[in-house]
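Numbering (this note's numbering), first residue to last: 14 to 310.
Every residue gets a Cβ at the ideal spot worked out from N, C-alpha and C, and that includes glycine.
For reference, the structure is listed below as structure tokens.
Take a look at the structure:
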């Protein structure tokens, strides 16, 4: 599926060329385009992804859902470890490597999260955060069809995140594709209740999701600190709710409102959620907790 990174690059170029429809928000110069994509992704989510996530949560036993989330979370930990090391976070990177080793062996291939029980903290990193840590500015906010919220920098990083996702190399192809769909649905199910609260609130959901996403990305790059002069990210706002992906969790099939993988696949998206679904234990909206008591991959 090498055509996926190429198409993502083409989308980034198309968004840049669409910059003639600008707004007064310096962080969101493509707001007209972004709102149109947000609406498209939301309709697709309401028609397909959300109903699938509801059925998934209602039909599958909770321990099966937990095992699925742990399995894909363990796969995501491999790329997280690489990015922590690239960011110079040796202790976190080593901890991630140990988590993968413990969960892949004692945890029956990652179905059980023994690492967390042993006190090994779960992290969530992607190449977009790594680029930000290296000092590369985020660029304008962008909403991509199917992928959801991102920035120009994170869009450029997304093909690398996809290539860094071990599930991308799973064969036969039908197993990889089936697993990718299950992964997205699982991530979407984790934020069902939080997303319902957002949908019922009397606010501009587009602005809420945008500001939340930008704030979360800035916080991840700055390690939760408000200001780090050498690592300033020009994003600000609240956080975003993932439908998918890390991000988020990068995969061949990603969720609808956030790119953050994987991590993009970070990554689910409620218009958003990377990311890329943020399944590292941090809800896209910190005050909105999903009743599902399990960590996302």
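When 182, 159, 169, 155 are compared, the shortest CA-CA separation from residue 226 is found for 155. Contact annotation, residue 106 with residue 97: C-beta distance approximately 4 Å; criterion of less than 8 Å satisfied.
Straight through space, the alpha carbons of residue 175 and residue 117 are spaced by roughly 21 Å. Each residue's CA atom was taken as its position, placing residue 147 and residue 60 some 40 Å apart. With fewer than three CB-CB distances shorter than 8 Å, the region 198 to 209 does not count as touching the region 174 to 190. The three-state reading of DSSP puts residue 154 in strand, counting E and B together. With a 10 Å radius around the Cβ and a threshold of 16 neighbouring Cβ atoms, residue 76 comes out exposed. Residue 130 and residue 44 have their C-alpha atoms spaced approximately 44 Å apart.
Within 10 angstroms of the beta-carbon of residue 100 lie 16 or more other beta-carbons, which makes it buried. When the beta-carbon positions are compared, residue 158 and residue 53 come within less than 8 Å of each other. Distance from the CA atom of residue 136 to the CA atom of residue 143, rounded to whole angstroms, is 13 Å. For residue 137, the three-state secondary structure derived from DSSP is coil.
Under the three-state reduction of DSSP, residue 210 is assigned to helix.
Close CB contacts of residue 134 within its chain, under the 7 Å cut and outside five residues either way in sequence, are with 108 (chain order). Cβ neighbours of residue 83 within its own chain (closer than 6 Å, five residues either side excluded): 123, 124, 126. In terms of Cα proximity to residue 39, the closest of 223, 193, 195 is 223. Taking every protein chain shown into account, the CB of residue 56 has fewer than 16 other CB atoms within 10 angstroms, so this residue is exposed.
The DSSP-derived three-state label of residue 217 is coil.
Distance between residue 81 and residue 128, taken at the CA atoms: about 16 Å. Distances from the CA of residue 218 to each of 110, 119, 162 were compared; the closest alpha carbon is that of 162. Judged by their CB atoms, residue 210 and residue 67 are not nearer to each other than the 8 Å cut-off.
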